[in-house]
Amino acid sequence: MESITEKDIFLSDLNNGKAKETHLSAEKSKRSKLWRTFINIKTFAIIAGVANIPVYSASLLLSSQLTSIEKHFGISSSKSAGLISANEIGFLITVLPFGYVFKDSNKPFILAIANIGSAIACFVCTLPYFFLQVPETNQNWNATSASSLAPLLPCMNINASGHANSTCTTEKGETRSATAAYALIFIGMILGGICKAVRSPLIACYIDDNINKAYIGGYMSLMSACHVIGFVIAFTLGGYFSQIYVTLQDTYLTPMDSKW
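If you count the sequence shown from 1, position 214 lands on 220 in the working numbering, and the numbers rise without skipping.
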């Protein structure tokens, strides 16, 4: 009698274990089905398109603020043109080699790294504002008196109270800061172009490899639409930011002032 009871207990435990395994497998199956509904090429196309918006709008946003950057860091207009072309230089130099090297790689993983690289590139472009010295502009400066006295006192800064302060001692420091600012922004734009070069061929290749060829036009149209949205956002934000005097101090200047 005792042996039968032990046998029944053993069979009962065995059945309970199988029931638990069946329940767990059913739960895993439900989760995998729910997960698979989002793991498809449509989700990839949407996420890639949204990620393209800030990537492609960054260079245009900088272009719209180029005059402000020139005045803020004292960069000449002849040099600032290189900042606009830096992004395209990085793109053109690397788009073909990267498209060939990464053609057989884990494309979503490479694209994720490219997104992180684009964020780092934008961060590098902002470093000059926080860490470099910039020329200070006296808001009460009289343009008439400045223009009349400048030829006579090339190394003097005439303030509103009529006092003259030597500026020749700080000229080298300001030139050094302008050069460092130009270099950092240039490096950031080059890096942004390189990361953009990684994205362009890999997105098209990954979509082409995972869908019916009849639908490739629709997916690529979605990518192009996201590019256009990025351009619109860049120019809209550029126009808005141009109306803001970026300073931590109170100012009486207006957007119509030449020192803005």
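Beta carbons are placed, not taken as given, at the ideal position from N, Cα and C, and that holds for glycine. In this text the structure is predicted, and so the values were computed from the model without any measurement.
{"Asked": "Identity of the residue in Cys131, Asn218 and Tyr106 nearest Ser206 by Cα", "Found": "Tyr106"}
{"Asked": "The region 222-229 / the region 109-125 touching (three or more Cβ pairs under 8 Å)", "Found": "no"}
{"Asked": "Sequence-distant residues of its chain with Cβ nearer than 7 Å to Phe247 (five each side left out)", "Found": "Gln71"}
{"Asked": "Phe241 to Leu67 span [Cα, whole Å]", "Found": "6 Å"}
{"Asked": "Alpha-carbon spacing of Ser183 relative to Ile193, whole angstroms", "Found": "15 Å"}
{"Asked": "Pick from Tyr221, Ser65 and Lys77 that is closest to Ala127, judged by C-alpha positions", "Found": "Ser65"}
{"Asked": "Straight-line gap, Ser151 to Ser86 (C-alpha atoms, nearest Å)", "Found": "With a pLDDT of 42 at Ser151, under the threshold of 50, the predicted position of this residue should be treated as unreliable, though the coordinate-derived value follows. One C-alpha to the other measures close to 29 Å."}
{"Asked": "Assigned exposure category for Leu98 - 16 Cβ within 10 Å defines buried", "Found": "exposed"}
{"Asked": "Inter-residue Cα distance where the pair is Lys77 and Gly55", "Found": "35 Å"}
{"Asked": "Assumed close pair Gly198, Ser63 - CB separation to whole angstroms, cut-off 8 Å", "Found": "Gly198 to Ser63, Cβ: 11 Å. No contact."}
{"Asked": "Nonlocal neighbours in the same chain, by C-beta distance under 7 Å from Leu243, ignoring five residues either side", "Found": "Leu67"}
{"Asked": "Cut-off 6 Å between Cβ atoms - residues of its own chain near Ala203, not counting five sequence neighbours on either side", "Found": "Phe97, Thr100, Val101 and Phe104"}
{"Asked": "As assigned by DSSP and simplified to three states, the class of Ser248", "Found": "coil"}
{"Asked": "Classification of Asn46 by the beta-carbon crowding that lies within 10 angstroms, buried from 16 upward", "Found": "exposed"}
{"Asked": "Backbone CA spacing between Ser91 and Ile196 [nearest angstrom]", "Found": "9 Å"}
{"Asked": "Integer-rounded CB distance, given that Phe129 should sit under 8 Å from Leu208", "Found": "Their Cβ separation, rounded to whole angstroms, is 23 Å, which puts Leu208 and Phe129 out of contact at 8 Å."}
{"Asked": "Distance, Leu138 Cα to Thr260 Cα", "Found": "25 Å"}
{"Asked": "Rounded C-alpha distance that separates Tyr258 from Gln249", "Found": "13 Å"}
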